[in-house]
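Take the sequence shown: its letters are residues 351 to 696, numbered as in the working numbering.
Built from N, CA and C at the ideal position, the CB exists for glycine as well.
Here the structure is a predicted model, which means the values were calculated and not measured.
Have a look at the structure below, then the notes.
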Amino acid sequence: MRFGYLAFAEVAGGGRGTFRALADEARAAERAGFDIYAMTEHHQGQQGEISSPLAWLTALAAVTERIELGPCVALLPLYHPLRLAEETAILDVVSDGRAFLGVGMGYQRRDLEPFGVAPGQRVPAFERSLGFLARQLGTPQPDGDPQDGDPQDGDPRDRGVRVTPTPVRQPVPIWGGATKRVAIERVARRCDGWICGGTTPLDKLERGTDIYVRAATAAGREPRIMLLRDVWLTGGNAPADAAYIADLRRHFEHLHRADGPRDAPPAGTIGADALAGTAIVGDAAHCRAVIAGHAARVPIDTFLVRMRTGYGPPADAVVDAILRFGDEVIGPLRQAAEPGSRVSHG
351 MRFGYLAFAE
361 VAGGGRGTFR
371 ALADEARAAE
381 RAGFDIYAMT
391 EHHQGQQGEI
401 SSPLAWLTAL
411 AAVTERIELG
421 PCVALLPLYH
431 PLRLAEETAI
441 LDVVSDGRAF
451 LGVGMGYQRR
461 DLEPFGVAPG
471 QRVPAFERSL
481 GFLARQLGTP
491 QPDGDPQDGD
501 PQDGDPRDRG
511 VRVTPTPVRQ
521 PVPIWGGATK
531 RVAIERVARR
541 CDGWICGGTT
551 PLDKLERGTD
561 IYVRAATAAG
571 REPRIMLLRD
581 VWLTGGNAPA
591 DAAYIADLRR
601 HFEHLHRADG
611 PRDAPPAGTI
621 GADALAGTAI
631 VGDAAHCRAV
641 IAGHAARVPI
651 DTFLVRMRTG
661 YGPPADAVVD
671 AILRFGDEVI
681 GPLRQAAEPG
691 SRVSHG
């Protein structure tokens, strides 16, 4: 099982300190043994959003050496697919073959409406763009997709078009986020992997996994799952622990109010017990046990960790938590997975 770190799209304070905070996180994640550094995309936030994740990630390619880099997720209805393919290719060339592309439809009106995208336009825009991206960057469905259309049907986005520069990585993996059955099946047909988790309870993820694995297998694809959880390793800094819980509570309440995920508890009711259903907050033994429990129930390719949601612990505390997570969680879990190992998850 691989591990990924997800940087939230909003950095407290914003401004000149944003890149330094992101670079410190990316370098720490690489040092800690994470395999992936991903970044969300949102717009019109109060703190100053990281509104162009591919631009930031391309800059971060210069300060990292090994870790894979990609958006999780790029809001596909906001992009012309050729432009998104070109920017992804640039990231891949600058990083020497370390790029991946995570895509989603978006769920917040503030992300869509300023770009002139109505909620009802998301699905057709997503489907048209995803077909192009799969053919140009990723792994097209082996037997074609009847919803894809003919690559040479006169659509100017495909006919005679090539993506430049040529990516180093062939193919560039495309991961798709989805929660509803029809969306999960779409991702299974067209993407190289499924992004799930967040505030979704584990029993619901198991049902989604069954849908995804069946659909991916039917499409001739190897199922790959990237599962996201909010995680905080306690015990190193009591004020940072408290700041993280407060930050996470605000984030879950925001999700409840937003036009999107409905698994978050109601505003004003979120405490430690409510967070425990999806967030993983505790000492190293607790984190290892819960992650291992997830892996026992869902065939996870990449376990994606988010340690802040915009307002939380100061940057130095987040970097320290990333490094501790590598030493106390990633390292022991990988050692335990080695053949013949007797290392305990607890």
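- Query: Is ARG448 helix, strand or coil when you go by DSSP?
  - Reply: coil
- Query: Under the three-state reduction of DSSP, which class applies to GLU360: helix, strand or coil?
  - Reply: strand
- Best match in ASP591, GLN520, HIS430, ARG656 for proximity to GLY481 [C-alpha to C-alpha]: HIS430
- Item | Range of the contiguous alpha helix (DSSP H) that encloses PHE482 | 472-486
- Query: When burial is assigned at 16 or more other CB atoms within 10 Å of the CB, is GLY454 buried or exposed?
  - Reply: buried
- Item | DSSP beta-bridge partners of TRP582 | VAL631
- Report the rounded CA-to-CA distance for PRO474 versus ARG512, giving the unit in angstroms. 23 Å
- Query: Which runs of the alpha helix (DSSP H) fall wholly inside the segment 516-541 and span at least 4 residues, in chain order?
  - Reply: 531-540
- If you draw a straight line from the C-alpha of ALA671 to the C-alpha of ARG509, how long is it? 48 Å
- Item | Option in ARG366, PRO521, PRO663, PRO573 with minimal Cα separation from ALA484 | PRO521
- Message: Measuring only the C-alpha atoms, how far is ARG599 from ILE524?
- Response: 31 Å
- Message: Rounding to the nearest angstrom, what Cα-Cα distance links PRO664 and GLU678 in this structure?
- Response: 21 Å
- Item | Sufficient close CB pairs (3 or more, under 8 Å) joining the segment 651-661 to the segment 579-590 | yes
- Message: For SER402 and ALA639, I'd like the C-alpha separation in whole angstroms.
- Response: 36 Å
- Message: Going by C-alpha to C-alpha distance, which of GLY643, ARG370, LEU441, ALA412 sits closest to VAL518?
- Response: LEU441
- Query: For GLY676 versus ALA382, is the C-beta distance shorter than 8 Å?
  - Reply: yes
- Message: Quick check: the Cα distance between ASP591 and ASP553, rounded to an integer number of angstroms?
- Response: 27 Å
- State the DSSP-derived secondary structure class of GLN497, mapped to helix, strand or coil. Because GLN497 carries a pLDDT of 49, less than 50, the predicted location of this residue cannot be relied on, and no value is offered for it.
- Query: Cα separation between ASP374 and ASP597?
  - Reply: 20 Å
- Query: How long is the line joining the alpha carbons of HIS636 and GLY681, rounded to whole angstroms?
  - Reply: 15 Å
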